[in-house]
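For the sequence shown, full-length UniProt numbering begins at 1 and goes up steadily by one. Heads up: the structure comes next, in structure tokens.
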Amino acid sequence: MANQISEEVIEEIRKSNDIVDVIGEYVQLKKQGRNYFGLCPFHGEKTPSFSVTQEKQIFHCFGCGKGGNVMTFLMEMESFSFYEALQLLANRSGTELPETGIKRETALSQENQSILSANEWLTKLYHHLLRYTKDGKEGYSYFKERGVSDESIDLFQLGFAPNVKDFTAEFLDKKGFHKQLLVKAGLVTLQEDNSVTDRFRGRVIFPIRNHLGKTVAFGGRSLAEQEPKYLNSSESELFQKGKLLYNFDLAKKHIRKESEVIIFEGYMDVISAYQAEVKNVVATLGTSLTEQQAKLLKRYVDTVILCYDADRAGIEATYKAANLLRQVGCYVKIANLHDNMDPDNFIKQHGSEAFKKEVIQASSTFISFYMRYLKKDFNLSLEGDRIKYIEKVLNQLAVIESPVEREYYLRELSNEYNISLDTLTDEIVTLREKKGIHKDKGEKNRYTNRTTSNSRNKKLLPAFHNAEKQLISYMLQDAIITDKVQEEIGAGFNLDEHKIIATHLYAYYEEGHPADVSLFIERLTDQRVKQLVIEIAMTPMLDDISDKEINDYIRIIRAETKDMSSIKSLRDQQRLAEQQDDPMKAAQIAMQIIEIQKQLKSTK
């Protein structure tokens with residue numbers, strides 16, 4: 001694939017897309033020293049071990065070992081082909097890919113490509129009908145009555161499906177899509193007589209997009225007495241309700257900007273909030289919040305505000321969602337909705353400023369919400385219920401890490417129920433001990449997960465091994481150092497994998513390429529070697545290394561090579577003595593080998 005597009009074009013696209021910016025669209029990155037760290041998107045973890053270096057334009061996870069450049073990341077993250085990753089980056093940077101001689105390979109199956117294409121056609125059709133035809137007037141009037149502007153209708157590509165049995169099937173048939181595919185995609189429903197009907201007929205349409213902005217499903221709301229009131233596409237490889245969030249593709253940049261995300265229960269809540277200039281908003285798709293959705297949000301942001309309906313069902317859903325979000329490490333706040341209202345109604349009745357100030361900015365902490373939520377289960381006029389209530393609250397407070405937050409609520413309990421602060425504090429200490437909650441001793445190393453990696457690498461590497469790794473790390477950054485190493489030791493590294501890397505590096509620089517780790521690893525085909533290069537490239541380095549230090553590394557490597565050569569020669573002599581039936585000489589040589597090995601150990 002890479003051969004069909006010039007290296008110059010690929011390099012231009014890669015350099016136009018900073019790896020920190022691209023990965024930052026998938027992972028919440030925080031700068032620590034010279035690198036950026038976040039939760040690895042490739043394996044589950046609560047302590048950040050995923051590192052991105054802007055200087056070298058590469059990433060590496062100290063936990064699972066994955067690493068590479070911006071192309072590798074997209075191919076791993078999205079299951080993209082090389083061309084798809086290149087196309088996405090080209091679109092981001094406004095670079096046009098050449099049209100001729102390119103095989104537009106994709107990791108998607110032909111069937112899923114067809115379904116996406118059908119969804120795209122339907123999105124445009126339903127939207128056009130709503131906005132510009134008499135057939136869509138009913139749907140257009142509905143949205144207008146709900147206060148949705150034309151701008152929002154266009155932005156969210158809202159539409160209308162006419163109440164005609166085979167309207168969708170006939171339209172897509174003319175576009176070349178087979179009936180069986182449309183049934184499988186959940187766009188039409190197969191009847192007993194083998195005919196098909198439009199799944200969403202007579203409904204206003206909410207296209208459901210994935211994080212890349214591709215329509216993967218539709219949500220439809222009935223306008224008459226049709227049941228169910230809300231209907232989604234059937235689940236498929238492309239559409240899994242528990243993994244997607246409505247509006248996530250548009251909200252991503254606003255979530256990063258605001259450093260928090262607001263979760264709603266419905267499409268209209270999202271659209272109303274957007275019109276109120278609150279844009280870091282997403283919604284679940286007719287189901288409870290799932291663990292996958294919670295983990296997805298945690299990768300992007302720490303703080304999550306739950307803004308569910310203020311009725312009994314909404315409060316119960318808020319409690320469940322809050323617990324799930326806290327389990328994956330999110331800081332949860334609860335929006336201040338009241339009087340059985342939903343976000344859409346509140347905005348319509350009180351306006352956008354009131355929504356921002358009185359609902360979102362006035363959000364309460366989880367504990368404050370929990371204390372209110374819990375009271376409904378107890379008769380606090382009874383002494384026994386009061387004690388049980390306080391015990392339950394203390395159990396929640398015990399797991400809070402912030403001593404300030406714990407004390408704040410302990411004082412609140414102390415004042416409200418006339419219990420001494422010392423008694424409550426002692427109970428918290430006991431509960432924390434029972435739960436085994438202790439300060440993480442590895443906290444200061446949290447951004448490299450070294451508490452984990454140290455346990456894996458207790459065995460100290462020999463001096464020559466470290467010297468070879470350090471030398472290669474400088475060679476990756478400097479062609480002049482590489483020239484010196486090539487002249488001094490050539491491929492005379494002691495470890496085979498280091499010999500392979502050095503040989504590749506010599507060839508890379510001889511072809512006139514710049515010192516660029518990201519470009520170099522793109523040219524490596526052996527995955528094991530590529531991963532080792534990435535690990536070595538992430539090694540901390542001095543900004544200005546002296547000739548003496550480079551010479552020291554070379555000396556250590558040469559000494560090891562010489563010692564190993566001597567041992568090899570002696571072993572050859574030992575075998576010869578054994579073949580000549582001279583056990584005395586063989587034993588003497590064995591003693592010489594042991595002595596050299598002892599000396600080597602003492603110097604390392």
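Where is the CB? At the ideal position from N, CA and C, for every residue including glycine. Bear in mind that the values here come from a model prediction, so they are computed numbers and not experimental data.
| Item | Value |
| --- | --- |
| Host alpha helix (DSSP H) of Tyr331 (start-end) | Unbroken run through Tyr331 is the beta strand (DSSP E), 331-334; no alpha helix (DSSP H). |
| Three-state secondary structure (DSSP) of Tyr26 | coil |
| Three-state class that DSSP yields for Ser473 in the structure shown | helix |
| The region 210-218 / the region 129-149 touching (three or more Cβ pairs under 8 Å) | no |
| Proximity of Leu129 and Phe160 at Cβ, strictly below 8 Å | yes |
| DSSP bridge partner residues for His60 (one or two, in chain order) | Ser51, Gly67 |
| Ala161 - containing beta strand (DSSP E), residue span | 159-161 |
| Option in Gly94, Asp154, Pro41 with minimal Cα separation from Gly63 | Pro41 |
| Classification of Ser518 by the beta-carbon crowding that lies within 10 angstroms, buried from 16 upward | buried |
| Opening and closing residue of the beta strand (DSSP E) in which Val328 lies | That residue, Val328, is in no beta strand (DSSP E); it is neither H nor E in DSSP. |
| Unbroken beta strand (DSSP E) run spanning Ile262, endpoints | 260-264 |
| Enclosing alpha helix (DSSP H) for Thr133 [first to last residue] | Unbroken run through Thr133: none, as it is neither H nor E. |
| Rounded separation between Glu237 and Asp478 - CA only | 46 Å |
| Contact check, Thr287 vs Gly220, beta carbons under 8 Å | no |
| The region 296-304 contacting the region 255-269, beta-carbon criterion three pairs below 8 Å | yes |
| Whole-Å CB distance - Val270 paired with Lys298, under 8 Å assumed | Val270 to Lys298, Cβ: 20 Å. No contact. |
| Coarse secondary structure for Leu431, derived from DSSP in three states | helix |
| DSSP state of Asp18 mapped onto helix, strand, coil | coil |
| Complete alpha helix (DSSP H) runs within the region 296-327 (minimum length 4 residues, chain order) | 312-327 |
| Nearest-angstrom Cβ-Cβ length linking Tyr389 and Lys375, presumed shorter than 8 Å | 7 Å |
| Beta-carbon contacts of Ile205 that lie in its chain and below 7 Å, excluding the five residues immediately before and after | Tyr126, Leu158, Gly159, Phe160, Ala161, Phe218, Gly220 |
| C-beta atoms of Val70 and Arg34 nearer than 8 Å | no |
| Cβ-Cβ separation, Ile360 to Val278 (assumed contact under 8 Å), whole Å | 7 Å |
| Sequence-distant residues of the same chain with beta carbon closer than 8 Å to Asn280, five excluded per side | Ala251, His254, Ile255, Lys257, Glu258, Glu260, Val261, Ile262 |
| Alpha helix (DSSP H) segment containing Asp150, residue limits | 150-155 |
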